[in-house]
Amino acid sequence: MKHKDTLRGKVAVIGAGLSPVGRVPGRSPLWLAADAARKALAEAGIDKRAVDGVLSSHAFAAPFHRFSIAFSEYFGIQPTFSNTLQVSGATAATLFAVGAAAVAGGLAETVLVVGGDSLLTGLSPDLALRSMTESRDQQYEMPFGIPVSNTFAMTAHRHMKEFGTTPEQFAEVAVVHRRHAMRTPGAQMTAPITVQDVLGSGMVTSPYHKLDCSLISDGAAAFVITSAERARSLGARKPVYILGAGECYTHEHIFLMPSLTTTGAAVSSRNAYAMSGYGARDMDVAGIYDCFTGTVIMMVEDLGFCPKGEGGRFVADGQITYGGAIPANTHGGLLSFAHSGMPGALFHFHEVIRQLRGECGERQVTGAKLGLVHSLGAGFATNATCILGTEDTL
Amino acid sequence: MSIRGKACIAGVYEHPTRKAADKSVFQLHAEVAKGAPRDAGLSMRDVDGYVCSGYDYYHNDEGNYHEA
Amino acid sequence: MITFDEATKKPLPTPDTDSAAFWSGLKEGKLLLQHCLDCGNVQYYQQGMCRRCGGERLEHRAASGRGKVHSYSVVYRAPGPAFKRDVPYAVLLVELEEGPRMISSLVGAKPESVTFDMPVQLVCEKASEEITLPRFRPA
């Protein structure tokens with residue numbers, strides 16, 4: 001079979017920006033997004049008039065039908081390519097893939113990837129109620145009182161049954177993330193926690209305790225992506241290249257998930273690795289969607305960092321932190337840095353990009369050149385993986 | 395770089411129904427989605443991408459659970 | 463808009479053209495599964511075509527009502543005000559004898575008593591004049 005003409009190395013990230021995150025009262029999702037965007041543009045050294053493409057996620061607290069269009073108006077630009085993508089938590093990685101495809105296909109030259117939301121301080125009572133009652137299918141799921149957390153909990157529970165994964169191993173994920181967040185300026189949660197703290201934090205939906213669950217936050221992130229040629233002609237400092245991208249969508253309802261313990265991430269990552277020409281063993285750092293602790297354990301398996309069923313032991317052996325096989329979520333992730341909904345997964349991109357540029361100070365993973373970011377959502381219905389690398393990895 | 399001439403429309407299908415009180419929205423999507431590959435002489439197994447228009451149903455469903 | 467009062471009511475399904483037969487079956491105490499006459503696929507939930515072969519010759523047949531718990535999660539923190547009175551309750555992912563899986567919840571036993579692969583039996587529980595919900599009890 002003829003190889004597909006791929007995106008590998010054709011597009012680079014030349015700027016990244018973060019708004020304040022955590023509890024940011026009095027700032028709308030649009031302001032947060034615009035704040036992140038101006039920082040990303042400043043870092044890229046380009047004016048907002050040079051942006052001809054805008055891709056965004058939706059914002060729950062600013063329920064525009066076309067957030068990317070509302071954002072462009074707010075930011076004072078009139079792009080010639082734009083869309084608002086929605087595949088739940090996996091949206092972040094698809095924003096990079098679609099943005100790269102648009103640049104590689106000549107639909108746009110410079111794309112701003114942006115997402116912002118204020119779930120912690122920005123939800124009206126109406127939206128807060130809707131967020132609880134409309135999150136799952138109204139016919140076959142919601143009448144039984146199943147929050148989305150419950151769908152993830154059932155996958156983790158089955159993982160315990162099939163592979164002997166323990167609550168202590170889940171808790172260790174939270175502990176590692178907190179330790180990472182303690183070294184990240186601006187992180188929402190920075191008080192140290194222990195495994196016992198997690199196990200004693202009160203059950204939310206078994207097997208998950210409160211501290212097994214991610215945060216509720218405000219915040220935004222934005223990125224400037226452009227062609228590799230243009231990155232060079234602009235003299236961009238340390239561009240980070242998109243080397244591979246893959247997605248996989250296996251079901252909508254949790255009861256139609258083909259396997260509760262092997263997810264679409266196995267396929268999305270395989271495709272992303274294949275495009276990049278690298279494998280799991282080559283990755284120096286990772287950003288892994290951590291909406292729940294068990295999610296990370298399942299993902300280190302499906303992303304190929306350890307064999308199926310050994311994720312719990314892998315985490316307990318210190319393999320997802322400094323000195324381990326794959327330092328992951330060095331910013332603290334959704335569990336401890338911040339989780340403002342769909343933009344939450346953009347924070348993983350921000351951290352991995354900073355790591356690849358060697359800008360993480362005391363959090364730096366020495367010599368990081370290759371990074372993986374995996375985002376997922378809706379009870380593992382949606383999975384998307386990106387492989388990023390420095391100039392040396394092209 | 396451009397997409398000029400790189401992709402082609404291999405199959406099309408327009409649903410003949412205009413008033414579909416007896417069909418769910420998903421059924422309508424499914425029926426047209428079946429028609430286009432058939433027109434192209436392909437099967438569903440040849441399809442690895444799907445994009446659709448429709449109402450964007452956005453919500454917070456990503457497991458955020460505790461404020462602090 | 464949704465008001466707090468509305469949010470305290472449990473969400474009940476609004477049957478659509480795909481699912482009307484399913485919900486009326488439950489009112490008569492039957493959990494209907496769709497059997498594809500073209501490829502033999504058995505599916506839950508109800509829709510206008512077979513998810514495996516795309517065929518539209520689908521026949522409703524009542525399930526035996528027997529199944530086992532493939533996975534579960536006991537909810538201690540309710541998803542919204544409507545379920546506050548019910549916690550803790552066990553949400554079940556039931557694997558039916560006929561193959562398909564479905565989401566339901568446990569009745570007739572303490573939520574903490576659920577175990578993996580536990581045999582369960584269908585209980586049709588009337589929720590309103592129009593809607594009867596399929597729940598499960600230990601078999």
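Chains as they are written, first to last, in the numbering used here: chain U, 1 to 394; chain G, 395 to 462; chain S, 463 to 601. Note that CB positions come from ideal geometry on N, CA and C, so glycine has one too.
Can you find a CB in chain S that lies within less than 9 Å of the CB of residue i?
i      : result
K400/G : no
A153/U : yes
K413/G : no
A434/G : no
S418/G : yes
P147/U : yes
G202/U : yes
F347/U : no
Is it buried or exposed, residue i, if we count other Cβ atoms within 10 angstroms and call 16 or more buried?
i      : result
K572/S : exposed
L436/G : exposed
T94/U  : buried
M298/U : buried
P410/G : exposed
E408/G : exposed
M438/G : exposed
Y444/G : exposed
C306/U : buried
V537/S : buried
V51/U  : buried
Y451/G : At Y451/G, the pLDDT of 46 sits below 50, so the modelled position is not reliable and the matter cannot be decided from this model.
L555/S : buried
R230/U : buried
R597/S : buried
S82/U  : buried
D455/G : Reliability fails at D455/G, whose pLDDT of 43 lies under 50, so the model's placement of it is uncertain and the value that follows must be treated cautiously. The residue in question, D455/G, is buried, as its Cβ has 16 or more Cβ neighbours within 10 Å.
T194/U : exposed
I403/G : exposed
Q139/U : buried
Look at residue i and residue j and say whether their C-beta atoms are less than 9 Å apart.
i      : j      : result
G371/U : L356/U : yes
A266/U : G304/U : yes
I387/U : A174/U : no
F401/U : A16/U  : Only positions 1 to 394 of chain U appear in this structure, which leaves residue 401/U out of reach.
V602/S : E592/S : Any question about residue 602/S goes unanswered here, given that chain S covers just 463 to 601.
L127/U : I216/U : no
A222/U : A62/U  : no
Q509/S : A483/S : no
F71/U  : A34/U  : yes
V11/U  : A274/U : no
V576/S : F144/U : no
G333/U : D290/U : yes
L41/U  : R178/U : no
K417/G : T476/S : no
R136/U : T121/U : no
V13/U  : I225/U : yes
Y506/S : F314/U : no
Measuring only between beta-carbons, confirm whether residue i sits less than 9 Å from chain U.
i      : result
D478/S : yes
K588/S : no
M438/G : no
S535/S : yes
L499/S : no
L520/S : no
I403/G : no
A544/S : yes
Checking contacts by CB at 9 Å: is residue i closer than that to chain G?
i      : result
G105/U : yes
S56/U  : no
S227/U : yes
Q509/S : yes
K10/U  : yes
I593/S : no
For the putative contact between residue i and residue j, defined by C-beta atoms under 8 Å, what is the C-beta separation to the nearest angstrom?
i      : j      : result
G341/U : D117/U : 4 Å
A338/U : G22/U  : 6 Å
T390/U : V240/U : 7 Å
L628/S : G529/S : With chain S covering 463 to 601 only, the question about residue 628/S has no answer from this structure.
S56/U  : T84/U  : 5 Å
P600/S : V582/S : 6 Å
A156/U : F170/U : 7 Å
L260/U : R158/U : 4 Å
V531/S : M580/S : 5 Å
Mind pulling the alpha helix (DSSP H) runs of 4 or more residues that sit fully within the segment 42-103 of chain U?
67-75
For the segment 493-574 of chain S, which segments carrying the beta strand (DSSP E) assignment without a break, of at least 3 residues, lie completely within its bounds, in sequence order?
494-498, 520-524, 528-537, 551-558 and 563-567
Where in the segment 217-271 of chain U do unbroken runs of the alpha helix (DSSP H), each at least 4 residues long, occur, reported from the N-terminal end onward?
228-233
Could you name each continuous alpha helix (DSSP H) segment of 4 residues or more that falls completely within the segment 339-393 of chain U, going from the start of the chain to the end?
344-356
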